[in-house]
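A.B. asks: I'd like to ask some things about the structure below.
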Amino acid sequence: MSIQITIDGPAGAGKSTIAKKLAQKLKFRYLSSGLFYRGITLEALKYSIKPNDSDKLIFLVKNIDMHLENNRLIINGEDVQNKLNSEDINKNVSSYCLNQKVRNLVTEKIRDIANNSDIVLDGRDIGSKVLPNATLKFYLTASDYTRAKRRYEQLSKDMDIKFSTILEQIRERDEQDMNRKIDPLVVPDSAIVINSSDMSIEEVVDKMVNYLNKLGVVIYEK
Ligand code: DC
């Protein structure tokens, strides 16, 4: 049985940065589950399939070859990794990921990967729905103000953007993720909640490693 560490939490909590670092430290595989939803959104937009056109969407998902190579998403033989964070995808992905059948197909894919390697995964429903029996589950959060500030510091280097706009976007995403009918963002049963508002990335990673050491599943010495 593989060691599975899940990190769920709201947008901007630093899940992917933390999950990547933790995986590096433990020499585990890392998977950002949002990649698959982003890839499906990319393809659906390419073929002008609307999020509510369920039949076409499922047909598309069943008929594309979507897999990871060196943690990069490959669709029908093309490396699409660099196309997954465009404004267009950011705007649309939250609608495409609401289709239950699409979610079931993505869930199968993630389980398949997770059952075959020691892995750290991040997402919105990984500990609650996809891998409820994971070895250790974390819920990483931070205040909306802190999350907006971090994102603002990152984005304002390259674009002219207001802090208030980012704060508003973060609140909107929270509202969508937590109140959607299908697989809403929740604290998974028995998950360890870490509020990173006043913590550095290293402090969060160290805290997670401490929990793993305590469980005896992973012994990591600095
Ligand atoms: O983590 P991310 O920003 O790459 O996620 C992209 C979208 O996919 C986001 O709208 C939430 C959704 N998502 C999801 O519904 N379930 C997951 N396990 C991961 C992401």
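Just so you know, we're using our numbering here: the sequence shown kicks off at 45 and counts up by one.
All residues carry an ideal CB built from backbone N, CA and C; glycine is no exception.
1) Can you tell me whether S234 sits near ligand 1, meaning its C-beta is under 6 Å from at least one heavy atom of the ligand?
2) Going by beta carbon distance, what residues of the same chain come within less than 6 Å of V174, once the five residues before and after it are set aside?
3) Please give the ranges of any beta strand (DSSP E) in the region 225 to 254, keeping only runs that are unbroken, at least 3 residues long and fully inside the region.
4) How about the region 91 to 110 and the region 221 to 229: do they share at least three Cβ pairs that are nearer than 8 Å?
5) Using a Cβ-Cβ cut-off of 7 Å (strictly less than) and excluding sequence neighbours within five positions of N115, which residues of its own chain qualify?
6) Excluding five sequence neighbours on each side, which residues of the same chain lie with their C-beta closer than 8 Å to the C-beta of V137?
7) For a test of the three-state rule: what should DSSP assign to D204, helix, strand or coil?
8) Identify the residues that DSSP records as bridge partners of I118: which are they?
9) Pick out whichever of F72, V230, L104, Y196 has its Cα sitting closest to the Cα of I214.
10) Mapping the DSSP letters down to three states, classify R168 as helix, strand or coil.
11) Mind checking whether I119 and I102 have CB atoms under 7 Å apart?
12) Ordered along the chain, which non-local residues of its own chain (more than five positions away) have a Cβ less than 6 Å from that of L117?
13) Comparing the CB of L81 with every heavy atom of ligand 1, is any distance shorter than 6 Å?
14) Would you call the CB atoms of A63 and D218 closer than 7 Å?
15) Nearest to T61 by alpha carbon, out of V164, K106, M45, N159?
16) What separation, rounded to the nearest whole angstrom, lies between the Cα atoms of T179 and I47?
17) Using C-beta distances below 6 Å, list every residue in its chain close to L12, excluding the 5 sequence neighbours before and after it, in chain order.
18) Which residue from N143, K69, F72 puts its Cα closest to that of V105?
19) Determine the extent of the beta strand (DSSP E) in which F182 is found, giving its start and end residues.
C.D. replies: Quick answer:
1) As a position in the sequence shown, residue 234 is number 190, starting the count at 1. It does not: the Cβ of S234 is nowhere closer than 6 Å to a heavy atom of ligand 1.
2) Taking the first residue of the sequence shown as position 1, residue 174 is located at position 130. Excluding positions up to five away in sequence, the list reads T151, I154.
3) 236 to 239
4) no
5) Position 71 of the sequence shown, counted from the start, is the residue given in the question as residue 115. Taken in chain order, the residues that qualify are Y74.
6) The residue given as residue 137 occupies position 93 in the sequence shown. Cβ within range, chain order: G78, Y81, R82, T85.
7) As a first step, residue 204 must be located in the sequence shown, where it is residue number 160. Of the three classes helix, strand and coil, the one that applies to D204 here is coil, per DSSP.
8) Walking along the sequence shown from the start, residue 118 turns up at place 74. Answer is H111, D123, bridged to I118.
9) Here residue 214 refers to the residue found at position 170 when the sequence shown is read from its first residue. Checking every option, the nearest Cα to that of I214 belongs to Y196.
10) To locate residue 168, count along the sequence shown from 1; it is residue 124. Looking at R168 - three-state DSSP - the assignment turns out to be coil, as it is neither helix nor strand.
11) Counting from 1 along the sequence shown, the entry for residue 119 is found at position 75. Counting from 1 along the sequence shown, the entry for residue 102 is found at position 58. Against a cut-off of 7 Å, the Cβ pair of I102 and I119 comes out as no contact.
12) Within the sequence shown, residue 117 is the residue found at index 73, counting from 1. If we look at L117 and ignore the five residues flanking it on each side, its Cβ neighbours are L79, G83, V124, Q125.
13) Along the sequence shown, read from residue 1 onward, the residue named residue 81 stands at position 37. Here the sequence assigns Tyr to residue 81, which means Leu is not the residue at that position. Because some heavy atom of ligand 1 lies under 6 Å away, the Cβ of Y81 counts as near it: yes.
14) As a first step, residue 63 must be located in the sequence shown, where it is residue number 19. As a first step, residue 218 must be located in the sequence shown, where it is residue number 174. Cβ distance not < 7 Å, so A63 and D218 don't count as in contact.
15) As a working note, residue 61 is residue 17 in the sequence shown. Comparing Cα positions, the closest option is V164.
16) Taking the sequence shown and counting its residues from 1, the one referred to as residue 179 is at position 135. Taking the sequence shown and counting its residues from 1, the one referred to as residue 47 is at position 3. Taking the straight line joining both Cα atoms gives about 6 Å.
17) Because the chain in this structure spans residues 45 to 266, residue 12 falls outside the shown range and cannot be described.
18) Reading the sequence shown from its first residue, position 61 is the one you call residue 105. Selected option, being the one with the closest Cα: N143.
19) Position 138 of the sequence shown, counted from the first residue, corresponds to residue 182. Unbroken beta strand (DSSP E) run through F182: 180 to 185.
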